[in-house]
Amino acid sequence: MPNDVPPTVNPTSSINLVRSSNPWTSASSAAGFVLRYLLVVRKELISVLGSADQADDCLKILIAHLVQVGFGEHKKGRLRDFLIKAIRTTAKAKIREMPDSEKPNVDIDSILADNEQWLSLWRTGLLERAWRALERKEHKKPDQPLFSVLHCATTKAKQPGQSLRERIKSERSIEIEEAKIQSLLQAARAMFAQLLADEVAETLEKPKEEEVKAELKTLGLTKAFDGIAI
85 MPNDVPPTVN
95 PTSSINLVRS
105 SNPWTSASSA
115 AGFVLRYLLV
125 VRKELISVLG
135 SADQADDCLK
145 ILIAHLVQVG
155 FGEHKKGRLR
165 DFLIKAIRTT
175 AKAKIREMPD
185 SEKPNVDIDS
195 ILADNEQWLS
205 LWRTGLLERA
215 WRALERKEHK
225 KPDQPLFSVL
235 HCATTKAKQP
245 GQSLRERIKS
255 ERSIEIEEAK
265 IQSLLQAARA
275 MFAQLLADEV
285 AETLEKPKEE
295 EVKAELKTLG
305 LTKAFDGIAI
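In terms of our numbering, the sequence shown is residues 85 to 314.
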């Protein structure tokens with residue numbers, strides 16, 4: 085699944101940056117919400133601790149804590165800030181338990197929310213969730229193959245020189261008239277941008293348009309919204 089931002093959409097497209105009304109701070113299940121980003125957190129923990137096993141132990145501690153007490157007094161601001169703090173706390177606890185010979189040479193306190201690696205992982209996680217959401221929509225409405233069209237249009241083709249129509253037929257087993265492909269592609273790009281905006285909004289405490297825009301800029305995701313009325 086591609087992690088790149090799809091290219092510019094038709095200028096007539098329009099989305100709502102704050103369409104979603106489900107911010108993370110209002111989640112009924114803290115553990116359930118964080119599970120959305122479990123792979124992102126795991127990758128960061130592996131990077132910090134240098135061990136998948138140690139990272140998984142930390143994840144167990146984190147999820148158990150969220151199941152027991154939820155977000156507690158920390159449910160404010162951005163979810164990615166909350167999670168990087170949780171990563172630092174659980175990693176510190178794990179390192180204290182490790183023999184000196186196995187302890188990683190890392191400054192846990194230097195791992196902040198604006199760390200480039202963490203921002204990159206977070207960005208990728210958001211994009212992957214938007215792609216999966218678009219794919220689920222296609223499963224519900226197979227006559228509108230938005231995921232298939234956008235996926236084929238934005239990932240490297242297996243056969244050089246292959247037309248988009250030929251690629252969609254070859255890789256997705258979908259026959260689409262050339263005239264319809266462009267309209268589907270524009271709709272797919274707009275839908276992807278909306279799903280990405282929804283995802284970002286839900287990671288903020290009280291999302292407003294300017295806050296969503298700022299987060300998109302920080303994460304380098306504004307390309308997905310080029311040419312869209314927001």
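The C-beta atom is built at its ideal place from N, Cα and C for all residues, glycine as well.
- Shown here, R126 sits in a helix according to DSSP, grouped into three states.
- Nearest in C-alpha terms to D310, of all of R273, F231, E222, A139, is R273.
- Listed as beta-bridge partners of L288 by DSSP are R162.
- Within the same chain, Q278, A281, D282, A285 come within 8 Å of R103 by CB-CB distance, once the 5 residues on both sides are set aside.
- Taking a contact as a CB-CB distance under 8 Å, the pair R256 and P229 counts as one, their CB atoms being some 7 Å apart.
- Contact check between the stretch 121-135 and the stretch 176-193: three or more CB pairs, one atom from each, fall below 8 Å, which counts as touching.
- Runs of the alpha helix (DSSP H) spanning 4 or more residues and lying entirely within the stretch 215-291 occur at 230-238, 248-256, 262-286, in chain order.
- The Cβ atoms of A175 and I192 sit closer than 7 Å to each other.
- Looking at G304, T287, L303, the one whose alpha-carbon comes closest to that of S105 is T287.
- DSSP places I179 within a helical segment (H, G or I) once states are collapsed to three.
- If you ignore the 5 residues before and after K240, its C-beta comes within less than 7 Å of no other C-beta in its own chain.
- In terms of Cβ geometry, E128 and W215 do not form a close pair [threshold 7 Å].
- By the beta-carbon neighbour count (other beta carbons within 10 angstroms, threshold 16), P183 is exposed.
- The C-alpha of P188 lies about 44 Å from the C-alpha of H223.
- If you ignore the 5 residues before and after V151, its C-beta comes within less than 6 Å of the C-beta of A115, all in its own chain and listed in chain order.
- The continuous stretches of alpha helix (DSSP H) do not include V190, and DSSP gives it neither H nor E.
- In the structure shown, L300 adopts helical secondary structure according to DSSP, grouped into three states.
- In terms of Cβ geometry, V296 and L101 form a close pair [threshold 7 Å].
- The same chain holds no residue with a CB closer than 7 Å to that of V153 once the five nearest residues on each side in sequence are set aside.
- Around E293, the same chain offers L101, V102 as residues with beta carbons nearer than 7 Å, after the five sequence neighbours per side are excluded.
- Collapsing the DSSP output to three states places F117 in a helix.
- Less than 7 Å divides the Cβ of R164 from the Cβ of W206.
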